[in-house]
Amino acid sequence: MKIKTLTSALAVAGFGVVLGIGGGSSAKAEEFTAVSWGGAYSESQSNAYIKPYTQANPDVKINFEDYSGGLAEVRAQSEAGNVTWDLVDVIYTDAVTGCDEGLFLEIDFDDDLARGEDGSRPTQDFLPEALGSPCFIPQIAYSTTFGFRSDLVSPETVADVFDLDKFPGKRGLQKVPTYNLEWALIADGVDKDDVYDVLSTPEGVDRAFAKLDTIKDSVVWWEAGAQPPQLLADGEVVIASAYNGRLFAAIEEEKQPIAMLWDGQALDLDGWAIAAGSEHIDAVKKFVRYATDTQRLADQAKWISYGPLRKSSLPLVGKHADLGIDMAPHMPTKYADQGFWTGFDFWADNKDELSERFNAWLAQ
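Position 326, counted from 1, in the sequence shown is what the numbering used here calls 337; the numbers after and before it change by one each time, with no gaps.
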């Protein structure tokens with residue numbers, strides 16, 4: 012793991028990670044370690060609230076590290092009784108699992124988090140989908156959706172993704188069952204609000220795989236998030252599933268001839284979780300309260316096209332810090348009614364079984 016550091020002497024060196032070194036102060040610094048996904052996402056976090064927080068609190072030192080996700084290292088630290096990661100950026104399902112295993116600390120949303128700028132309690136202000144686990148501290152929503160070569164095809168629905176006659180060409184799909192099964196059912200006529208009810212039956216699973224069969228020979232399977240925008244840019248596929256943030260970068264920053272399809276987008280959640288064995292819980296809670304307030308979550312959208320999970324933040328989303336474009340039209344939460352929220356409980360219960368069947372199907 013590479014740990015990025017930023018001291019007062021290196022303040023121009025990027026979005027790095029030890030922030031808020033006091034200028035000659037004799038007071039003992041509060042220090043803790045936070046980990047996140049790296050790249051543009053960590054940069055957006057650093058710019059939106061880590062740098063402002065440590066500048067306003069020069070006695071606080073935050074070691075901000077990259078990790079690759081999952082709970083393996085969190086478990087290892089807990090089992091060894093040597094917790095060095097105090098605050099972990101996690102997807103929702105990992106927060107739920109870690110909470111069940113006692114790896115993460117439960118919080119009281121209304122006591123531990125800030126009220127909205129309109130005075131609303133956090134349990135009123137955060138989107139209800141984000142409040143399902145007492146260990147998950149909501150930050151942003153992102154989605155997996157479809158990008159397409161706008162100079163070659165013009166799909167309007169998920170059903171169009173599966174229509175090779177109307178929109179010929181290769182498709183790029185992630186090499187996992189998640190979302191591919193949901194999209195297959197939606198393309199086959201299942202209402203997006205009913206998709207998990209149908210997928211919970213053997214007949215529904217069979218129906219999803221039968222629909223995937225219709226495009227299987229035209230699919231290029233991807234495994235890393237950087238691949239689908241590149242596949243589209245290179246013309247290897249004409250439509251590809253991808254993370255909305257990756258598509259935003261390809262469209263707005265790289266000016267590729269790519270457009271985004273919001274219909275059927277699969278919305279997911281990302282947020283913080285506090286390590287249950289942390290020795291710096293008070294300092295971490297103070298930071299989290301600041302980092303997830305109305306203005307800070309809105310500010311994060313200046314650097315990345317992920318939607319803040321506070322209702323009071325959405326009207327405050329402004330322009331991209333570098334591109335100068337209005338970011339509100341690029342928030343996946345703006346189009347939530349066109350997609351569906353990931354069935355977290357469904358995948359927690361069925362991922363292993365469906366992954367086994369999916370891999371067997373691929374091998375046929």
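We put the beta carbon where it would ideally sit given N, CA and C, even for glycine.
Between residue i and residue j, what straight-line distance do the alpha-carbon atoms span, to the nearest angstrom?
i    : j    : result
Y254 : E264 : 15 Å
P240 : S57  : 25 Å
E364 : G81  : 19 Å
V94  : L210 : 39 Å
Y60  : W372 : 45 Å
A83  : F178 : 42 Å
G27  : S144 : With a pLDDT of only 39 at G27, under 50, the local geometry of the prediction cannot be trusted, and the value read off the model is given with reservation. For G27 and S144, the distance between alpha carbons rounds to 30 Å.
E290 : D199 : 52 Å
S161 : S229 : 19 Å
G25  : D217 : Low per-residue confidence applies at G25: pLDDT is 36, beneath 50, and the placement is therefore not dependable enough to give any value.
D129 : L116 : 28 Å
G127 : A284 : 20 Å
D111 : D100 : 17 Å
W273 : T156 : 6 Å
E54  : K322 : 23 Å
A302 : P319 : 12 Å
P343 : I315 : 11 Å
F220 : D293 : 49 Å
S131 : Q88  : 37 Å
D171 : Y78  : 37 Å
A224 : E367 : For clarity, residue 224 is Asp in the given sequence; the question names Ala instead. Distance between the alpha carbons of D224 and E367: 17 Å.
V328 : Q306 : 9 Å
K222 : G50  : 36 Å
V252 : V231 : The identity of residue 252 in the sequence shown is Ser, whereas the question assumes Val. About 11 Å.
Which residue from the options puts its Cα closest to that of residue i?
i    : options                   : result
H341 : E367, A284 and G256       : G256
L325 : V201, A339 and A332       : A339
G275 : V295, P268, T303 and V169 : V169
I197 : A40, W358, F351 and K297  : F351
L242 : T225, D224, R218 and P268 : P268
F355 : I226, E193, W96 and I250  : E193
D376 : H331, L308, A332 and Y317 : Residue 376 is absent from the structure shown; the chain starts at 12 and stops at 375.
A45  : F173, A51, D70 and V85    : V85
A359 : G236, W233, T189 and K313 : T189
L334 : Y346, A141 and F259       : F259
Y317 : Q306, T305, R300 and K345 : K345
I151 : F159, L142 and G158       : L142
W233 : E214, N191, D310 and Y52  : N191
Tell me which residue opens and which closes the alpha helix (DSSP H) that residue i is part of.
i    : result
D310 : T305 to Q311
W194 : N191 to A198
V299 : I292 to A302
K345 : Unbroken run through K345: none, as it is neither H nor E.
E364 : F355 to A374
A67  : K62 to A67
Y317 : Looking at the DSSP string, Y317 is not in any alpha helix (DSSP H), and its letter there is neither H nor E.
E54  : G50 to Q56
A244 : Q238 to A244
State the beta-bridge partners of residue i as determined by DSSP.
i    : result
M271 : G158
G377 : Since the first and last residues shown for the chain are 12 and 375, residue 377 lies out of range.
V74  : Here the sequence assigns Asn to residue 74, which means Val is not the residue at that position. Bridge partners of N74: T44.
Strictly under 8 Å for the Cβ-Cβ distance: is residue i near chain D by that measure?
i    : result
R300 : Annotation note: the requested chain D is absent from the structure, which comprises a single protein chain.
Locate the beta strand (DSSP E) running through residue i, then write down its first and last residues.
i    : result
E41  : E41 to S47
S252 : I250 to Y254
V230 : V230 to W233
- Task: Could you name each continuous beta strand (DSSP E) segment of 3 residues or more that falls completely within the region 147-217, going from the start of the chain to the end?
- Result: 148-160 and 182-185
- Item | Any beta strand (DSSP E) of 3 or more consecutive residues that is wholly inside the region 76-150 | 98-102
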